[in-house]
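Report on the structure given below.
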Amino acid sequence: MSYLLLCLIIGVCLYHLYVSKTIRHDYKNKKMTNLALLLNKFFLFAPIIALLIFSVLFSTVLKGKMIERSSHALILFFLWLLFTKLYLLLISLKPQKYTTIGLIMSGVLFLGLIIFLTPLDRYITYFFNPFKYWTYALALFECFIFYAGSSFKNKLAENH
40 MSYLLLCLII GVCLYHLYVS KTIRHDYKNK KMTNLALLLN KFFLFAPIIA LLIFSVLFST
100 VLKGKMIERS SHALILFFLW LLFTKLYLLL ISLKPQKYTT IGLIMSGVLF LGLIIFLTPL
160 DRYITYFFNP FKYWTYALAL FECFIFYAGS SFKNKLAENH
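Going by our numbering, the sequence shown opens with residue 40, and the numbers climb by one from there.
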């Protein structure tokens, strides 16, 4: 079960990177263009804000199971960011039919993973205990996928 979760997370993250690099950036209208640009700017700074909030929470309120809680917070935070980015692509762009189906399916997978991993006890049982500190590597991988999909130029979309 643990390896299935790991493969699902890696697979959906890689699909997110593929879609964010290959989708054409034809916005539905001017209002959606402005919304997408505003949310993209927010997404780039959201991890810094979350890091500050989590630092305060972990140092004041959440004292026990620090390693488990911090890896849990990182993994779920970047899963939420990737899910929200896919949702933004879906509502603001005009993707082709098969791309839309893929976005919806990956969004459902993201949401299912988020719901399944949200309780800390379940996360520890199915994810942290088998992988221990490798969960931080997965969180860094998710971070890389998020920024690689958000920050760099879309080469294929420029060619169309």
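Yeah, the Cβ is synthetic: ideal placement off N, Cα and C, and Gly gets one too.
Since we're looking at a predicted model, the values are computed, not measured.
Neighbourhood of residue i by C-beta distance below 8 Å, restricted to the same chain and skipping five residues each side
{"i": "residue 47", "result": "148 and 152"}
{"i": "residue 105", "result": "97"}
{"i": "residue 139", "result": "129"}
Within 8 Å, strictly: CB atoms of residue i and residue j
{"i": "residue 118", "j": "residue 55", "result": "no"}
{"i": "residue 172", "j": "residue 40", "result": "no"}
{"i": "residue 184", "j": "residue 156", "result": "no"}
{"i": "residue 112", "j": "residue 93", "result": "yes"}
Spatially closest choice to residue i from the options, by CA coordinates
{"i": "residue 59", "options": "69, 127 and 77", "result": "127"}
{"i": "residue 163", "options": "70, 77, 99 and 110", "result": "110"}
{"i": "residue 136", "options": "42, 62 and 44", "result": "62"}
{"i": "residue 182", "options": "44, 103, 77 and 90", "result": "90"}
Cut-off 6 Å between Cβ atoms - residues of its own chain near residue i, not counting five sequence neighbours on either side
{"i": "residue 50", "result": "none"}
{"i": "residue 176", "result": "none"}
{"i": "residue 192", "result": "Its pLDDT being 46, under 50, residue 192 is placed unreliably by the model, and nothing is read from it."}
Proximal residues to residue i (C-beta, below 7 Å), its chain only, five neighbours per side dropped
{"i": "residue 187", "result": "56"}
{"i": "residue 85", "result": "120"}
{"i": "residue 199", "result": "Low per-residue confidence applies at residue 199: pLDDT is 41, beneath 50, and the placement is therefore not dependable, though the value from the model is reported in the following sentence. Answer for residue 199: 63, listed in chain order."}
Integer-rounded CB distance, given that residue j should sit under 8 Å from residue i
{"i": "residue 145", "j": "residue 125", "result": "6 Å"}
{"i": "residue 108", "j": "residue 116", "result": "Between residue 116 and residue 108 the Cβ distance is about 12 Å, and since that is not below 8 Å, they are no contact."}
{"i": "residue 68", "j": "residue 189", "result": "The Cβ separation is near 22 Å, so there is no contact."}
{"i": "residue 150", "j": "residue 129", "result": "Actually they do not touch by this definition, with Cβ atoms about 13 Å apart."}
{"i": "residue 180", "j": "residue 52", "result": "7 Å"}
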